[in-house]
DNA sequence: CGGTTAGTTGAGCTGGATCAAGCGTAGTGG
DNA sequence: CCACTACGCTTGATCCAGCTCAACTAACCG
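Protein chains in written order, with this note's numbering: chain B, 5 to 238; chain Y, 5 to 238.
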C-alpha cells in the first residue's frame, strides 16, 4: 500500500477498496513452490512478509530467477489477465501472503478505473525490472551483476522500511543469488569475496552490508529510474 | 487487431472503439531511435509495418535489446501507465506506425473495462517475453539462444501472416542479433554457420529459412506457452 | 555431537570474447 | 561503366572470464 502511495495518490476510500480485495491471509513454507507454470489460477498473491521469486528452468535443471519479490509486492497480479503463468513462483523464505480472488479484481476493473490503472502500472514496473535484468544478464560482468542486484534490493527494501541505512536482511543463499544473476554458485562466491575485499559490500548469512554505496552503484552502473520511485503528474 | 482476436473475443463495436484510438499514422526511418529512455511521453505507438526493438545500454556503448516488435505489436503501450520509459525504442527497419494519444487510452480505461483488461493483458505478454529472454540470456548456450530467437520470431510473425511456411523475412543484421542474444557479432556469425551446416536453419540477408523445425525447437528447448497463443475461457 | 546444508578455495578447462584481416556486394559519383 | 566506398559478413589466431570438478571448512540443527 505504501508502495502504491509512493507513486500515485490513493484516497482513503480507494484504500478501503484495496483492503477489501483480500479474502484471507496464509503462511507459506520456505523453499516451497507456490505456483507452477501452466496451471490455471483464479487468485493473485500479495506478499506481506518474506522473500519470493519468479523462475523458469531448463530440462537439465538449470534455473533462472527472473525477479525477486519483497514485502508489499503483488507477486502474480499478472495472472489476473494471463490466467496461466509462464513461470513458477517460489517462496525463498517462510512467507506470509494475502490472497486476492480474481473475481474481486474483475469487479475492481469494472468499477475503479483509477485503481485499475495503478495496478496495471505495477505490472508494468515488473516488466521494467525484467528489462533491467536482461541488460545485466546479457551485458554486465559478474561483479557488475551482483553489485546491481544488491543496489536494486537495497532500494526496494528501503521503500518498504526493511533497511537499516546501508544494512539489510537478504536471506538468499549463494545458489539463489547465482540463479538471479546467471552465474555459477562458485563464481558468485568468488565475486562476493572481491566485493568484500575491495570494501564495497559484504553479504554473509543472509545479511548485506554496503560499505561504499557510491562505488557499488558505479560498479553496477545502477540507475534507479527503472524502479519508478517518483510520483508522476498524471 | 488479429493478434487480440486470437486471444479473446472482441465485438464489432469494440473493434470500432479500438480503431478510433488512432490519431494518425506515420513513417519512421530505419535505424532511428523513436523514443529515448526518460523522456515524458503522451502517446503510444502501434507498429503497423516493419521491425522495432526496445533496448537499454551501458556507458561503454554495449547494448542489450530486450524485445523485438513486429507488425501488430503495441510497442510502448506501457508508457500509458509509466509516463516515462526505462528503455529506448528504435526502428530496425523503415516502419509504419499508428499514434494513439494517452488521453484516448485514459477514456478507454474509463469506459471500456473489457478492452482495458485486454490491453493490460498485452503488456503482461511483453513481460512474459522478457522473462523468457532472461532465461535465454542467463542459462541457454549460444546456439540455443539463437535457435530460440528464430523459433520465437517464427511463431510471432506467423501469427500476423508474415511467414511463408518455414521461411520468413527477419531484416536483422548480425550485430542486431548479437544485441538480442547477449553475444558478440563474431560469435553469432559462427553460431549461425553451425546451424546452417547442421541443416537446422539458415539466416542470410534478412531472410530466415528453417530446414528442421523440430530440431530447431529441441535445440532451443522452445515452449511457446509464454506467447499465450490460445484463447482462455475468461 | 553427528549429520546436513551452505560457503570457500584450488586447479585446470572451455565457450565465447577479442583482435585483426579479408571478402562480397550494393550504392554513388565521376 | 568503372573506380571507390561503406557496410555487413566471414574467418583465423589468441585470450580470458567464468565454468567444472573436487576437496575442505563453517555454521546450524535436532
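Virtual Cβ for every residue (Gly too), placed ideally from N, Cα, C.
When DSSP labels each residue in this structure, what does residue i get in the three-state scheme?
i                     : result
residue 74 (chain Y)  : coil
residue 110 (chain Y) : helix
residue 234 (chain B) : coil
residue 13 (chain B)  : coil
residue 45 (chain B)  : coil
residue 104 (chain B) : strand
residue 125 (chain Y) : helix
residue 188 (chain Y) : coil
residue 177 (chain B) : coil
residue 66 (chain B)  : coil
residue 3 (chain Y)   : Outside the modelled stretch of chain Y, which goes from 5 to 238, sits residue 3 (chain Y), for which no answer is possible.
residue 34 (chain B)  : coil
residue 97 (chain B)  : coil
residue 225 (chain Y) : coil
residue 215 (chain B) : coil
residue 130 (chain Y) : helix
residue 200 (chain Y) : helix
residue 8 (chain B)   : helix
residue 50 (chain Y)  : strand
residue 24 (chain B)  : coil
residue 115 (chain B) : helix
Residue i touches chain Y at which residues, Cβ-Cβ below 7 Å?
i                     : result
residue 113 (chain B) : 117, 120 and 121
Since residue i and residue j should fall inside the 8 Å C-beta cutoff, what is the C-beta to C-beta distance between them, to a whole number of angstroms?
i                     : j                     : result
residue 113 (chain Y) : residue 185 (chain Y) : Actually they are not in contact, since the Cβ atoms of residue 113 (chain Y) and residue 185 (chain Y) sit about 36 Å apart, beyond 8 Å.
residue 70 (chain B)  : residue 124 (chain B) : At roughly 19 Å, the Cβ-Cβ gap does not stay under 8 Å, so residue 70 (chain B) and residue 124 (chain B) are not in contact.
residue 143 (chain Y) : residue 66 (chain B)  : 5 Å
Beta carbon of residue i, beta carbon of residue j: below 8 Å?
i                     : j                     : result
residue 97 (chain Y)  : residue 153 (chain Y) : no
residue 173 (chain Y) : residue 211 (chain Y) : yes
residue 225 (chain Y) : residue 63 (chain B)  : yes
residue 214 (chain Y) : residue 170 (chain Y) : yes
residue 59 (chain Y)  : residue 129 (chain Y) : no
residue 181 (chain Y) : residue 204 (chain Y) : no
residue 95 (chain B)  : residue 34 (chain B)  : yes
residue 89 (chain Y)  : residue 39 (chain Y)  : yes
residue 127 (chain Y) : residue 229 (chain B) : no
residue 104 (chain B) : residue 6 (chain B)   : no
residue 84 (chain Y)  : residue 48 (chain Y)  : yes
residue 187 (chain Y) : residue 146 (chain Y) : yes
residue 198 (chain Y) : residue 207 (chain Y) : no
residue 61 (chain B)  : residue 235 (chain B) : no
Kindly indicate which residue of the options has the alpha-carbon position closest to the one of residue i.
i                     : options                       : result
residue 79 (chain Y)  : Y:52, Y:63 and Y:67           : Y:52
residue 16 (chain Y)  : Y:179, Y:224, Y:134 and Y:119 : Y:119
residue 24 (chain Y)  : Y:165, Y:107, Y:218 and Y:175 : Y:107
residue 133 (chain Y) : Y:191, Y:31 and Y:57          : Y:57
residue 45 (chain B)  : B:66, B:196, B:91 and B:14    : B:91
residue 99 (chain B)  : B:12, B:30, B:207 and B:222   : B:30
residue 22 (chain Y)  : Y:42, Y:122, Y:206 and Y:41   : Y:122
residue 82 (chain Y)  : Y:50, Y:8 and Y:155           : Y:50
residue 20 (chain Y)  : Y:162, Y:155 and Y:116        : Y:116
residue 176 (chain Y) : Y:73, Y:42, Y:8 and Y:18      : Y:73
residue 135 (chain B) : Y:93, Y:192 and Y:32          : Y:93
residue 202 (chain B) : B:223, B:36, B:42 and B:155   : B:223
residue 156 (chain B) : B:42, B:191 and B:227         : B:227
residue 216 (chain Y) : Y:166, Y:158 and Y:36         : Y:158
residue 8 (chain B)   : B:77, B:209, B:37 and B:111   : B:77
residue 189 (chain Y) : Y:161, Y:111, Y:68 and Y:166  : Y:68
Residue i versus chain B: which residues are under 7 Å apart at the beta carbon?
i                     : result
residue 91 (chain Y)  : 135
residue 186 (chain Y) : 141, 142 and 143
residue 82 (chain Y)  : 128 and 131
residue 66 (chain Y)  : 143
Can you name the residues of chain Y whose CB is closer than 8 Å to the CB of residue i?
i                     : result
residue 125 (chain B) : 85 and 86
residue 70 (chain B)  : 134, 135, 138 and 139
residue 75 (chain B)  : Per Cβ cutoff of 8 Å: no residues; residue 75 (chain B) is ~21 Å from chain Y at best.
Whose Cβ in chain B lies nearer than 8 Å to the Cβ of residue i?
i                     : result
residue 197 (chain Y) : By Cβ distance, chain B contributes nothing, its closest Cβ being about 22 Å from residue 197 (chain Y), past 8 Å.
Since residue i meets chain B, which of its residues come closer than 9 Å, beta carbon to beta carbon?
i                     : result
residue 62 (chain Y)  : 139, 143, 144, 148 and 225
residue 229 (chain Y) : 41, 42, 88 and 90
residue 58 (chain Y)  : 135
Determine the chain Y residues that contact residue i at a beta-carbon separation under 9 Å, and present them in chain order.
i                     : result
residue 236 (chain B) : 44, 86, 87 and 88
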